[in-house]
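S.K.: Residue numbers (the working numbering): 2 to 167.
#1: Looking at residue 4: is its Cβ nearer than 9 Å to the Cβ of residue 165?
#2: Under the rule that 16 or more other beta-carbon atoms within 10 Å means buried, what is residue 101, buried or exposed?
#3: Need the endpoints of the alpha helix (DSSP H) that residue 141 sits in, please.
#4: In the structure shown, what three-state DSSP assignment does residue 61 receive?
#5: At the level of alpha carbons, what is the spacing between residue 54 and residue 104?
#6: Per DSSP, what are the beta-bridge partners of residue 10 in this structure?
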């Protein structure tokens, strides 16, 4: 079993300060908060989500496959069109639009699961206080300079520091 050291904080400012210090020390850490906090993303240097690339790729593939489906069907089953083009663009735009939306949504769903690591194949450290009223910084117990990390956590005003096996 793996072990993690968790520091629980009552105040958001203390939590953000300690998370920034630990990030500056190049310590691998994870955080849990009871409320959405965009400041954590800035402190930890988390960039934009990669899900958008899945969405774009799915939408492009959907548009191309929608056109290929409609045009391929028209070419395989030739019908007399009375001088009009075999592959007319305006009616195919509806099919292309629908396929773009379908593939884009499915690719976004797939991308969300891939990027967020779902389903979780391994356990992660957890404490119930993170869902109620505490801000939590978690560091793996096998970190090289664990004493210094715990010192930073204590100096930052941790309400409680505990070791959790998961």
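Glycine residues also receive a C-beta, built at the ideal position from the N, C-alpha and C atoms.
M.R.: Checking against the coordinates, here is how it stands:
#1: yes
#2: buried
#3: Not the alpha helix (DSSP H): residue 141 falls in the beta strand (DSSP E), residues 136-141.
#4: helix
#5: 13 Å
#6: 136
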